[in-house]
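Protein chains: 6
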Amino acid sequence: RHGQAELSNQVGAATGLAYTSVGGDTLQIEVSLSAGKGKLQLTGKLGDVMKESAQTALSYVRSNAESLGIATDFHEKYDIHIHVPEGAVPKDGPSAGITITTALVSALTGRPVKREVGMTGEVTLRGRVLPIGGLKEKTLSAHRAGIDTIIIPKDNVPDMDDIPESIREELTFHPVSQVEEVLAIALEESNYAN
Amino acid sequence: RHGQAELSNQVGAATGLAYTSVGGDTLQIEVSLSAGKGKLQLTGKLGDVMKESAQTALSYVRSNAESLGIATDFHEKYDIHIHVPEGAVPKDGPSAGITITTALVSALTGRPVKREVGMTGEVTLRGRVLPIGGLKEKTLSAHRAGIDTIIIPKDNVPDMDDIPESIREELTFHPVSQVEEVLAIALEESNYAN
Amino acid sequence: RHGQAELSNQVGAATGLAYTSVGGDTLQIEVSLSAGKGKLQLTGKLGDVMKESAQTALSYVRSNAESLGIATDFHEKYDIHIHVPEGAVPKDGPSAGITITTALVSALTGRPVKREVGMTGEVTLRGRVLPIGGLKEKTLSAHRAGIDTIIIPKDNVPDMDDIPESIREELTFHPVSQVEEVLAIALEESNYAN
Amino acid sequence: RHGQAELSNQVGAATGLAYTSVGGDTLQIEVSLSAGKGKLQLTGKLGDVMKESAQTALSYVRSNAESLGIATDFHEKYDIHIHVPEGAVPKDGPSAGITITTALVSALTGRPVKREVGMTGEVTLRGRVLPIGGLKEKTLSAHRAGIDTIIIPKDNVPDMDDIPESIREELTFHPVSQVEEVLAIALEESNYAN
Amino acid sequence: RHGQAELSNQVGAATGLAYTSVGGDTLQIEVSLSAGKGKLQLTGKLGDVMKESAQTALSYVRSNAESLGIATDFHEKYDIHIHVPEGAVPKDGPSAGITITTALVSALTGRPVKREVGMTGEVTLRGRVLPIGGLKEKTLSAHRAGIDTIIIPKDNVPDMDDIPESIREELTFHPVSQVEEVLAIALEESNYAN
Amino acid sequence: RHGQAELSNQVGAATGLAYTSVGGDTLQIEVSLSAGKGKLQLTGKLGDVMKESAQTALSYVRSNAESLGIATDFHEKYDIHIHVPEGAVPKDGPSAGITITTALVSALTGRPVKREVGMTGEVTLRGRVLPIGGLKEKTLSAHRAGIDTIIIPKDNVPDMDDIPESIREELTFHPVSQVEEVLAIALEESNYAN
Ligand SMILES: [Ca+2]
Ligand SMILES: [Ca+2]
Ligand SMILES: [Ca+2]
Ligand SMILES: [Ca+2]
Ligand SMILES: [Ca+2]
Ligand SMILES: [Ca+2]
Ligand SMILES: [Ca+2]
Ligand SMILES: [Ca+2]
Ligand SMILES: [Ca+2]
Ligand SMILES: [Ca+2]
Ligand SMILES: [Ca+2]
Ligand SMILES: [Ca+2]
Chain Y
472 RHGQAELSNQ
482 VGAATGLAYT
492 SVGGDTLQIE
502 VSLSAGKGKL
512 QLTGKLGDVM
522 KESAQTALSY
532 VRSNAESLGI
542 ATDFHEKYDI
552 HIHVPEGAVP
562 KDGPSAGITI
572 TTALVSALTG
582 RPVKREVGMT
592 GEVTLRGRVL
602 PIGGLKEKTL
612 SAHRAGIDTI
622 IIPKDNVPDM
632 DDIPESIREE
642 LTFHPVSQVE
652 EVLAIALEES
662 NYAN
Chain Z
472 RHGQAELSNQ
482 VGAATGLAYT
492 SVGGDTLQIE
502 VSLSAGKGKL
512 QLTGKLGDVM
522 KESAQTALSY
532 VRSNAESLGI
542 ATDFHEKYDI
552 HIHVPEGAVP
562 KDGPSAGITI
572 TTALVSALTG
582 RPVKREVGMT
592 GEVTLRGRVL
602 PIGGLKEKTL
612 SAHRAGIDTI
622 IIPKDNVPDM
632 DDIPESIREE
642 LTFHPVSQVE
652 EVLAIALEES
662 NYAN
Chain P
472 RHGQAELSNQ
482 VGAATGLAYT
492 SVGGDTLQIE
502 VSLSAGKGKL
512 QLTGKLGDVM
522 KESAQTALSY
532 VRSNAESLGI
542 ATDFHEKYDI
552 HIHVPEGAVP
562 KDGPSAGITI
572 TTALVSALTG
582 RPVKREVGMT
592 GEVTLRGRVL
602 PIGGLKEKTL
612 SAHRAGIDTI
622 IIPKDNVPDM
632 DDIPESIREE
642 LTFHPVSQVE
652 EVLAIALEES
662 NYAN
Chain D
472 RHGQAELSNQ
482 VGAATGLAYT
492 SVGGDTLQIE
502 VSLSAGKGKL
512 QLTGKLGDVM
522 KESAQTALSY
532 VRSNAESLGI
542 ATDFHEKYDI
552 HIHVPEGAVP
562 KDGPSAGITI
572 TTALVSALTG
582 RPVKREVGMT
592 GEVTLRGRVL
602 PIGGLKEKTL
612 SAHRAGIDTI
622 IIPKDNVPDM
632 DDIPESIREE
642 LTFHPVSQVE
652 EVLAIALEES
662 NYAN
Chain W
472 RHGQAELSNQ
482 VGAATGLAYT
492 SVGGDTLQIE
502 VSLSAGKGKL
512 QLTGKLGDVM
522 KESAQTALSY
532 VRSNAESLGI
542 ATDFHEKYDI
552 HIHVPEGAVP
562 KDGPSAGITI
572 TTALVSALTG
582 RPVKREVGMT
592 GEVTLRGRVL
602 PIGGLKEKTL
612 SAHRAGIDTI
622 IIPKDNVPDM
632 DDIPESIREE
642 LTFHPVSQVE
652 EVLAIALEES
662 NYAN
Chain B
472 RHGQAELSNQ
482 VGAATGLAYT
492 SVGGDTLQIE
502 VSLSAGKGKL
512 QLTGKLGDVM
522 KESAQTALSY
532 VRSNAESLGI
542 ATDFHEKYDI
552 HIHVPEGAVP
562 KDGPSAGITI
572 TTALVSALTG
582 RPVKREVGMT
592 GEVTLRGRVL
602 PIGGLKEKTL
612 SAHRAGIDTI
622 IIPKDNVPDM
632 DDIPESIREE
642 LTFHPVSQVE
652 EVLAIALEES
662 NYAN
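Each protein sequence line maps, in turn, to chains Y, Z, P, D, W and B. Each position in the first sequence, counted from 1, maps to that position plus 471 in our numbering. Each position in the second sequence, counted from 1, maps to that position plus 471 in our numbering. Each position in the third sequence, counted from 1, maps to that position plus 471 in our numbering. Each position in the fourth sequence, counted from 1, maps to that position plus 471 in our numbering. Each position in the fifth sequence, counted from 1, maps to that position plus 471 in our numbering. Each position in the sixth sequence, counted from 1, maps to that position plus 471 in our numbering.
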């Protein structure tokens, strides 16, 4: 059932770690592209902060398209839809920023996201990764869902002390300060040169 | 009177199962196409979650147009109107996702929806079918309306225990995990090759 | 004074039956066309359900233009304004659906609406006519206004028992289940072949 | 000071009679045209009903442009601004409908509005003039402002009994049922053939 | 510091007199033009009435462009931004109408606004100047800020009695009834023929 | 960790000083450009006053593009996104005006912002710098974050008395009255002639 890690690597979908009043959870970020004119659609009962986070992720990708191996005119050729399933559950906050960026780059490059990777971190326009809250709860939930590789903001390293050692030992943590590092860890190699 | 199954197979209309505070109900999802420029219109006193569900269904269809046998440029040629009759009754939630997808694909391919089929399930951008609530009440209402084939999310199979055995035996259940399975069950074969 | 039936057959105007907290009433639906680009304007202090009803009526007409004898590209050539006079009186609900459809088809075909006809019924995207409330009050009000032919949804036939027999005998009722029947009853024959 | 009749005939401005909780008042409807693309701007702290009334007046003019002696493509060539001065005073209601129509036709034809004329009446899409409230208070206020010719809806004729005879005798009343009659009374003859 | 008159004549900026619950104040109206397509931007925490006042001022300028010596197609070539500094202070009301008109005409003609002039008055679409409130407080504040020439609506002349004689004697008042008079007083002569 | 000065000079990012109910803080203003059509996107949970401040900064840059060494048609070629990280923290007020202007000019000219500079000040359409509140708290926070050069509005000079002398001596203050002065202080020299 859902709340579990993906069964295979996926293009255009990445796993984020969420933190709500009732504990940690995992969530999927799905991105679809359709022939279009650059319209961005955001669904899944997202709050304003999460919508702005998605817009920031998209602008990061647009202004860094060339170095990411993406056609610089993609914004004129596709409509982009970002959806976060379980459409009746409200979601908010900036901490899915790097997950959204990863799903976007995956969809636009065709590089699959490794299924065993989960991640959490705010992203800025320049690709900096900012710290988030609830690392302990997020990690426990990711562990329960079968995730074994977790990308976290470098500024959250001190919070790793709060995670029970038995869990921590079963997981691989990647602290990062730039979203380029996230992409290098989470995306499969491209099969062909860009 | 209404609250009854359709009398014949229809193009562009599918039967969903709804669940409200006063019990289960069936609802029709109607789709009409007009020469246009890709405008999506949603009516029938739909809440925000249901509107996002329809947008998600449409994006699934757009980004999978080719494999669904639909012209990939349909979005530039038609305006699409999705209406849920009984316009004064508020409706919400994500559980009509697969019904909306079915009605859309029917309208766009011309393949009729089998009149004896009812369905319930959230759909994601990638076509995954997620579990819903109120399966018992929905099933009882569908049975009363003359539906005899019911498509449900695979993750709702355990909830089938709650349906009285006498009713359950008169119905055929199809548990599914991808919306492609829904379309194979609910739509008539196309009369001509795509 | 107003609250009376029209004095002559009109193009682009039809008489609906309304039901408010203070009893039944008749209302005029007016449609005007101007050279334009497909903009739909809705005025007359209409609630959201009534606005959606008008949008549904328009989509029905657009997607059935050919069989209605209307140029299929009308939507690109005209702006359409639907107004319900007595602009300070709030109006809502789906029961003017068939009246709006009739006024639209009249305006687009030039066929006048018979002045002695009043009507009430929700319309769906596929042209089905759904039942409405307040049939008794609506009928009494229409009778007072000089209407003698009333189109009602087939599912409302049982409610005709509630109308005093003395009134009922002075009126002709047309129960219908599809809006095509409404148009056949309410519109004058076209003077020329389509 | 304001609250007085205009000193000369004006193009694009007409005098309406208003009725508020503190009594009757006169108001000016001003219309300006600028080279543009059909944008309608409405200012003067107007309520929704009054805005819809202005949209209805404009649609009447657009769909009757030819018979009004107005170029049928004016809507593509001009932006239209309708303003009601004393911008801090809230105004609402449909009773300025015929005044707005008059000011619009004056601006679009160049025919001046006779300065001694005041008017009140709701207008419909088809140009019918519907009755209004507060005739007595409106008339007294118009009289104080120096207006001597008042156009009223035919259905308000019975309300003329409420106006003190001394005032009534100093005024000329024109009861009308169609806005074409309003234009014939309020506008100066065109100086040149259309 | 601010709250003082400008040190030199400025193009595209004019000084208005404001009146708030805590007394009179002066405010600058700033106008900037950029190559564009006729977009109007209004900033400075302006209330709806003040925004409508700016739109009315702009329409006055557009429809009188020729007689004001402004290219009649300016609206297609420039985006116009009107800003009222001290962006955190809410501002509202129609009394900056003539100040906005003056700043607009200055920006569009290049004629500087005389730095010693302050002004207050509502403007209508036809350029009439309507009376305002708080003349005494506005005048005292303008005097404190070093303004010595004040343009006021003709209908506010009786309110000049309320201004202490010692102040009144140090100021020059220009009562006006049309905005053309305002422009003649406040703007420097153009250096070149239009 | 964040709350610290940048480690290197950056293009398109500048450090502002903020003042909230819980004391002073520093914030980064990030600007990204993408090939586009002049759309302005503002994110970071910004209040209306801060959004208007960004619009004012952009209009200043647009109408002074030539003298700033920026192509005058940049607005037609780029979409501009201004983001203020820590997306969940509400931010408002006009005092980031000069910081936004600096980040914009940096992004559009390619001139890096000196990393040791922090700044605070409202900007007007004409580039005037207006005084702000909370100078003491802002300065203490900037000092803690490693900033050693602070640009302040000239009208805030008297407020420097409130800053403890020990801190004041470690900082260099630049009082300014025009935003051109800000740019001269904060931006590195361009490497090539404009
Ligand atoms: Ca979940
Ligand atoms: Ca810790
Ligand atoms: Ca029902
Ligand atoms: Ca169970
Ligand atoms: Ca009525
Ligand atoms: Ca009955
Ligand atoms: Ca008045
Ligand atoms: Ca009477
Ligand atoms: Ca001030
Ligand atoms: Ca006085
Ligand atoms: Ca901070
Ligand atoms: Ca001090």
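Note that the Cβ used here is the ideal one computed from N, Cα and C, for glycine as well. Keep in mind it's a predicted model, so treat the numbers as computed, not measured.
- Per the C-alpha coordinates, the member of Ala657(B), Ala536(B), Val555(B) and Gly540(B) positioned closest to histidine 546(B) is Ala536(B).
- The beta-carbon distance between alanine 484(B) and glutamine 499(B), rounded to whole angstroms, is 6 Å. This is short enough to meet the 8 Å contact definition.
- Non-local beta-carbon contacts of valine 560(Y) in its own chain, meaning distances under 7 Å to residues more than five positions away in sequence, involve Lys516 in chain order.
- Distance from the Cα of leucine 529(Y) is smallest, within the candidate group Ile551(B), Pro635(B) and Thr643(B), for Ile551(B).
- At a cut-off of 9 Å, the C-beta of serine 524(P) has a neighbouring C-beta in chain Z.
- At least one C-beta of chain Y is nearer than 9 Å to the C-beta of aspartate 544(Z).
- Annotation note: the region 613-642 of chain Y contains the following uninterrupted beta strand (DSSP E) runs of length 3 or greater, listed N- to C-terminal: 620-624.
- If you check each beta-carbon in the region 583-596 of chain Z against every beta-carbon of chain Y, the ones closer than 7 Å belong to Glu593, Thr595 and Leu596.
- The beta strand (DSSP E) runs lying completely inside the region 560-602 of chain D and spanning 3 residues or more are 588-590, given in chain order.
- When Cβ-Cβ separations below 9 Å define contact, threonine 527(Y) makes contact with chain B.
- Non-local beta-carbon contacts of lysine 510(D) in its own chain, meaning distances under 7 Å to residues more than five positions away in sequence, involve Asp550 in chain order.
- Chain B places no beta carbon closer than 9 Å to that of serine 538(Y), leaving this residue out of the contacts.
- Residues of the region 597-620 of chain P with a C-beta atom less than 8 Å from some C-beta of chain Z are Arg597, Arg599, Leu601 and Pro602, listed in chain order.
- Under the Cβ criterion of 9 Å, aspartate 630(D) is not counted among the residues facing chain P.
- Taking C-beta atoms as the reference points, glutamate 501(D) and leucine 596(W) count as a pair closer than 9 Å.
- For isoleucine 553(Y), the three-state secondary structure derived from DSSP is strand.
- At a C-beta separation below 7 Å, proline 565(B) has these neighbours in chain W: Gly558 and Ala559.
- Judged by DSSP in its simplified three-state form, serine 479(D) adopts coil rather than helix or strand.
- Interface annotation for the region 510-522 of chain B against chain W: Asp519 and Val520, criterion Cβ-Cβ distance under 8 Å.
- In the same chain as asparagine 480(P), and ignoring 5 residues on each side of it, the C-beta atoms closer than 8 Å to its own belong to Pro583, Val584, Lys585, Arg586 and Glu659, in chain order.
- Within the DSSP secondary-structure output, valine 502(W) pairs in a beta bridge with Ile553(W).
- Contact between the region 604-619 of chain W and the region 570-583 of chain W is absent, with fewer than three C-beta pairs closer than 8 Å.
- Against chain B, the beta carbon of serine 534(Y) has neighbours under 7 Å at Ser503, Leu504 and Ser505, listed in chain order.
- Nearest neighbour of arginine 599(Z) by Cα position, chosen from Lys625(Z), Leu504(Z), Gln526(Z) and Val482(Z), turns out to be Lys625(Z).
- Selection Asp544(Y), His645(Y) and Gly568(Y) evaluated against threonine 620(Y) yields His645(Y) as nearest (Cα-Cα).
- CA-CA distance, glycine 507(W) to glutamine 526(B), rounds to 15 Å.
- No residue range can be given for leucine 658(W), since it is assigned to no alpha helix (DSSP H) and is classified by DSSP as neither H nor E.
- Among the CB atoms of chain D, one or more fall inside 9 Å of the CB of tyrosine 531(W).
- For alanine 525(Z), the enclosing alpha helix (DSSP H) begins and ends at 519-534.
- Going by DSSP, leucine 488(Y) is part of the beta strand (DSSP E) stretching over 484-491.
- Per DSSP, reduced to three states, the secondary structure at threonine 543(B) is coil, with no helix or strand assignment.
- The shortest CA-to-CA distance from glycine 494(Y) to any of Val588(Y), Ser612(Y), Leu478(Y) and Ala542(Y) is the one to Ser612(Y).
- Glycine 518(P) counts as exposed, since fewer than 16 other beta carbons sit within 10 angstroms of its beta carbon.
- Residue-level contact by beta carbon fails for glycine 487(P) and chain D, as no gap is shorter than 9 Å.
- Annotation for glutamine 512(P): the continuous beta strand (DSSP E) segment containing it runs 511-514.
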